[in-house]
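In my numbering, the protein residues as written are 629 to 899.
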């Protein structure tokens with residue numbers, strides 16, 4: 629029996645012996661047709677989706693056009709001066725609401741009245757119409773009565789107005805009191821007050837807050853008949869003297885808190 633030969637060793641130079649590649653039984657993707665179109669067939673890459681406008685991303689077949697923005701149209705100014713004068717006067721009266729029925733020198737005038745008077749700066753025609761509505765529909769006090777820096781002023785409200793503004797006044801008020809002290813030195817009727825220019829005044833209201841001639845004030849007042857002599861001296865101007873025969877006076881009898889009759893007070897002088 630011949631001797632067996634030892635098996636040959638594989639040399640390192642020849643390399644390792646490769647094993648046979650197993651054959652897969654699963655068919656390749658190219659062998660079966662796909663129901664989805666590839667990106668190559670669509671003719672665009674996957675990154676192009678982010679560049680599509682948002683209005684083009686729709687499920688409909690027809691492409692939609694981008695929405696059109698409304699064109700800016702400049703608003704035409706309202707032709708206020710073409711309104712009838714009656715309507716303009718009503719609008720002015722509505723604009724000046726909240727300013728008060730009686731105008732006096734007060735620290736709150738800037739908040740209540742100053743902003744309302746800004747309409748007078750629009751044009752000359754509106755100034756003439758609106759200023760007449762404002763000054764003819766309110767009562768202006770001849771002398772200030774509000775406590776503060778204006779109480780002892782040498783230039784009352786009537787003297788601060790212009791001539792055209794005093795011509796529009798139709799109602800004035802003279803308030804006396806409270807108390808029985810001597811009025812301030814600024815309460816003087818002189819040509820600087822401008823009372824002679826108030827030719828369209830139809831109503832003069834005199835309000836006496838307390839009657840110093842009452843017996844309850846005896847011993848505390850300066851002298852008997854002080855206000856009786858002061859009131860005629862305050863109204864001794866030429867305008868009031870000429871207008872006095874044409875103005876019938878209305879006198880009312882007031883009562884105090886106890887119901888006792890007080891002195892007669894001349895409350896209003898009106899045509």
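Beta carbons: idealized from backbone N, C-alpha and C, even for Gly.
- Selection 777, 702 and 679 evaluated against residue 734 yields 777 as nearest (Cα-Cα).
- In its own chain, leaving out the 5 sequence neighbours on each side, no residue places its CB closer than 6 angstroms to the CB of residue 818.
- If you draw a straight line from the Cα of residue 788 to the Cα of residue 761, it comes to about 19 angstroms.
- When the beta-carbon positions are compared, residue 768 and residue 744 stay at least 8 angstroms from each other.
- Nearest to residue 719 by C-alpha distance, out of 794, 759, 699 and 700, is 759.
- For the set 702, 823, 707 and 711, the Cα lying nearest the Cα of residue 784 is the one of 823.
- Around residue 780, the same chain offers 812 and 814 as residues with beta carbons nearer than 7 angstroms, after the five sequence neighbours per side are excluded.
- DSSP, reduced to helix, strand and coil, places residue 837 outside both helices and strands of the structure shown, so it counts as coil.
- DSSP, reduced to helix, strand and coil, places residue 796 outside both helices and strands of the structure shown, so it counts as coil.
- For residue 728, the closest of 766, 755, 717 and 695 by C-alpha to C-alpha distance is 766.
- Contact between residue 773 and residue 803 holds, since their C-beta atoms are separated by about 5 angstroms, short of 8 angstroms.
- Across the structure, residue 796 and residue 829 are spaced so that their CA atoms are roughly 8 angstroms apart.
- Excluding its 5 nearest sequence neighbours in each direction, residue 793 has C-beta neighbours in its own chain below 7 angstroms: 759 and 763, listed in chain order.
- Taking 8 angstroms as the cut-off, the beta carbon of residue 716 is found closer than this to the beta carbon of residue 757.
- Taking C-beta separations shorter than 7 angstroms and ignoring five residues to either side along the sequence, the partners of residue 747 in its chain run 723, 754 and 758, following chain order.
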